[in-house]
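Counting from 26, one number per residue, gives the positions in the sequence shown under the working numbering. For glycine and all other residues, C-beta sits at the position ideal for the given N, C-alpha and C. Here the structure comes first, spelled out in structure tokens, and everything after it is commentary.
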Amino acid sequence: MRIDILTLFPELLESPFEASILKRAIQSGKASVHFHNLRDYSQNKQKQVDDYPFGGGAGMVMMVEPIDRCIQTLKKERDYDAVIYLTPDGETLNQQNANRFSTLENIILLCGHYKGVDQRVRDQLISHEISIGDFVLSGGELAAAVFCDSIIRLIPGVLGDESSALTDSFQDGLLAPPIYTRPANYKGWEVPEILASGNTPKVEAWREEQALERTKKLRPDLLE
Ligand code: ADE
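Written as structure tokens, this is what we have:
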């Protein structure tokens, strides 16, 4: 998977890709992430990328031209499966749409700033609009990092243990069951006995039951 990220602040986005699972995914060639500073696509001397809103009002608006020039430059090189704008009024990210996006080959992510982008960008250039939740961030960069993490880890071979993503919370519509590691007894806080029994079918049944219980208690909405 190739991800091209269009941003005014690439430095906000770099470190998530420099450690742990995302770093490994990139090193092994399963994902590549490329940052494009929209300022580099501005044609005027001041490298202007935003302007006052027509009709007045507070805040600046990201201009069409640098965004269009950047996207057209990328599209000359390859076809893109999706051009995604991160915005609080987009479709909410969840495990289902993360699964879907993880199967794509080439995607562009556009990070908004200030009041957002000129509506014509959204009308003419964007194929999907994604929000990471009902709250407003200072810009789309952190949302883009969250989005990338959620999809890159789903690319086959990225997680060490192939079954690991399948047992994540939400993957089967339930929260994940509790997990434990050694020691079996710490200060008298004990691990459920069944887990040390070596009886795999029983352990599996226990996990399923726990996942259901946890979901009922913490996220009953997932069961509706
Ligand atoms: N940009 C600002 N807030 C956002 C959010 N909640 N999701 C995606 N992009 C955003």
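Can you check which of these residues, the options, is closest to residue i by C-alpha distance?
i, options, result
"Asp-197", "Gln-68, Phe-172 and Asn-124", "Asn-124"
"Ser-79", "Lys-72, Gly-137 and Met-88", "According to the sequence provided, residue 79 is Phe. The question's Ser does not apply to it. Here the closest residue by C-alpha is Met-88."
"Glu-233", "Ala-201, Lys-212, Asp-143 and Pro-217", "Ala-201"
"Ser-40", "Asp-186, Glu-166 and Val-161", "Glu-166"
"Phe-34", "Ser-53, Gln-71 and Phe-60", "Phe-60"
"Gly-81", "Leu-184, Glu-130, Lys-140 and Gly-182", "Lys-140"
"Val-142", "Lys-70, Leu-63 and Ser-127", "Leu-63"
"Lys-48", "Asp-174, Ile-92 and Lys-101", "Asp-174"
"Val-171", "Val-108, Met-26, Gly-54 and Leu-38", "Leu-38"
"Glu-90", "Tyr-77, Leu-237, Gln-73 and Gly-84", "Gln-73"
"Val-86", "Asp-93, Pro-226, Ile-92 and Tyr-77", "Tyr-77"
Within the same chain, show all residues whose beta-carbon is closer than 8 Å to that of residue i, passing over the 5 residues directly before and after it, in chain order.
i, result
"Ile-51", "Phe-42, Ser-57 and Val-58"
"Arg-244", "Leu-200"
"Glu-215", "Ala-209"
"Leu-99", "Asp-29, His-61, Tyr-105 and Ile-133"
Quick one: is residue i buried, meaning 16 or more other Cβ sit within 10 Å of its Cβ, or exposed?
i, result
"Asp-75", "buried"
"Val-161", "exposed"
"Leu-134", "buried"
"Thr-206", "exposed"
"Asp-104", "exposed"
Below 6 Å CB to CB, which residues in the same chain sit around residue i once its five sequence neighbours on both sides are set aside?
i, result
"Ile-46", "Arg-178"
"His-138", "Leu-33 and Gly-164"
Open item on the list: Below 8 Å, how does it come out for the segment 109-117 and the segment 146-160: are there three or more Cβ pairs, yes or no?
Closed with: yes
Open item on the list: Taking contact to mean 3 or more Cβ pairs, one atom from each stretch, closer than 8 Å, check whether the segment 205-224 and the segment 138-151 are in contact.
Closed with: no
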